[in-house]
Every structure is written in C-alpha cells, then in structure tokens.
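Read the structure below first, then the notes.
In full-length UniProt numbering, the protein residues as written are 1 to 229.
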C-alpha cells in the first residue's frame, strides 16, 4: 500500500504528473459544500446540473450525481473508464457524462447550478486562469455557484518555490524538486495566496462569497454568478 503523504492520509494515486487524485480518496470541506448545494436544490424540487472540472477519476462527480445532480465530468485526460467505475461504486447508473476536453478549449457545456474546480487552476498561467474563470462564468446559471481551489503559497508546496517573490501575473514555476516528487506535480504552477485567488475570481466577474485556507494551506473559494436583469 502506498504511504500517505499528508495529515489527511492521502496516498499517491497520481497520473500524468498533475498531482494526487484526492477526490477519489475523500471529500474535503469544499466538496461537501458543493454536494450540500445540490441537495438543497433537489429538496426544493429543482433539477440540479453540475460540472466537475478536472475531474480525474470522478470521485467528486460521483458524489454530486449521487446527491441528485445531472453531472458532466470533464478532464483533459482520458478518465472515462475511471469515472464510470466511480459512478458504479456510488450506485449511479444514469444522468452523467464524461467529456475529454480542456478548459482552454472553452466548450459550451452549460448552464450549471454548481461548478466544482478543485486542484486544477494552478496549472494555468495567471492570464489563462482568468480566461478559464470567465468561461466558467458563462457556463453557470444566474445564481449558480463555483467551488474553486488552488494549491496555496502557504502550503508546504510553497517551500523552496521559485515563484514566491513574483506577482501572480508573472508567477509560473516548477515546485522545488522535493515537493514535486512528494506531491507528483511535475509541470510549472502558479501557487496562490488567499487574497490573490479571491481577487482573480472577482476580476473574472464572480461574486466571491467566501475565501478560506484548508488545514494544509490550500486556497478555497465559494463564488456565485449574479442574477442578470
């Protein structure tokens, strides 16, 4: 069995150098907030639609579907079989789809009540992240919510990170070798401090409702799309 790498007991279930698939191992606070949002909509008799961006093996997509949402799970990697397996384990047979597509392709998939984008945005340069967040805003229904996270500068991933002294607009560097190996993150990343990510989300047009750090030091954001008209 793989050795756990952090205080949560997460193990190195990784693929393609883009980190550890946490969502297939556990639901964190932000995951549970998104699930509760789906449940609240369903309890009010609404049909809930959810998008899981950078879904990996589909752990969170399956939780959203089990809560009653119609779900699209999207990832740039081909995780169709893994997502299907997660859905089967959750007892979900219908009402979901997998799309192999990147946020940089900006496909039209919505509209959605709930959008989850965990542990992905830091793989984009700052300007590309802003474009992605604006695209996600277009995919959201009026009043829809975004549940977003990024690896944090104040987490251990920031130890020895070459981009620490740079502003986020020009911050895009590999992790220090020891951190890259431990967390299976090989590409360059833009780590964020909490105010920086909140500002980026707001600049993209979202209404930031809550910003906080996880116990590990990663940045978590809950934001909503204002009601037009």
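All C-beta atoms in this analysis are idealised placements derived from N, C-alpha and C, irrespective of residue type, glycine included.
Do you know how far the Cα of residue 85 is from the Cα of residue 43?
Looking at the two C-alpha atoms, the distance is approximately 27 Å.
With 16 other CB atoms within 10 Å as the buried threshold, where does residue 32 fall?
The residue is exposed, with fewer than 16 neighbouring Cβ atoms inside 10 Å.
My parser needs the beta strand (DSSP E) runs of 3 or more residues fully inside the segment 97 to 171; what are they?
112 to 117, 140 to 150, all fully within the segment 97 to 171.
Per the DSSP calculation, residue 75 is bridged to which residue(s)?
100
Going by DSSP, what residue range makes up the alpha helix (DSSP H) through residue 222?
Looking at the DSSP string, residue 222 is not in any alpha helix (DSSP H); the run it does join, the beta strand (DSSP E), is 219 to 224.
Taking the Cβ atom as the reference point for each residue, do residue 180 and residue 116 lie within a distance shorter than 9 Å?
no
If we ignore side chains and look at the alpha-carbon of each, how far apart do residue 211 and residue 219 end up?
Inter-residue distance for residue 211 and residue 219 is about 7 Å (C-alpha atoms, whole angstroms).
I'd like to check one pair, residue 69 with residue 50: are the Cβ atoms closer than 9 Å?
yes
When DSSP labels each residue in this structure, what does residue 215 get in the three-state scheme?
coil
Spatial neighbours of residue 198 within its chain, please: CB distance less than 7 Å, with the 5 preceding and 5 following residues excluded, ordered by chain position.
208, 211, 221
Looking at the structure shown, is residue 80 part of a helix, part of a strand, or coil, going by DSSP?
helix
Taking residue 188 and residue 174 to be in contact with their CB atoms under 8 Å, please state how far apart those CB atoms are, rounded to whole angstroms.
5 Å
State the start and end residues of the unbroken alpha helix (DSSP H) segment that holds residue 263.
An answer regarding residue 263 cannot be provided, because it is not within the stretch 1 to 229 covered by the chain.
I'd like to know whether the C-beta atoms of residue 38 and residue 61 end up nearer to each other than 9 Å.
no
Which partner residues does residue 207 have in the DSSP bridge list?
224
Would you please state the rounded distance, in angstroms, between the beta carbons of residue 66 and residue 48? I believe it to be under 8 Å.
Between residue 48 and residue 66 the Cβ distance is about 12 Å, and since that is not below 8 Å, they are no contact.
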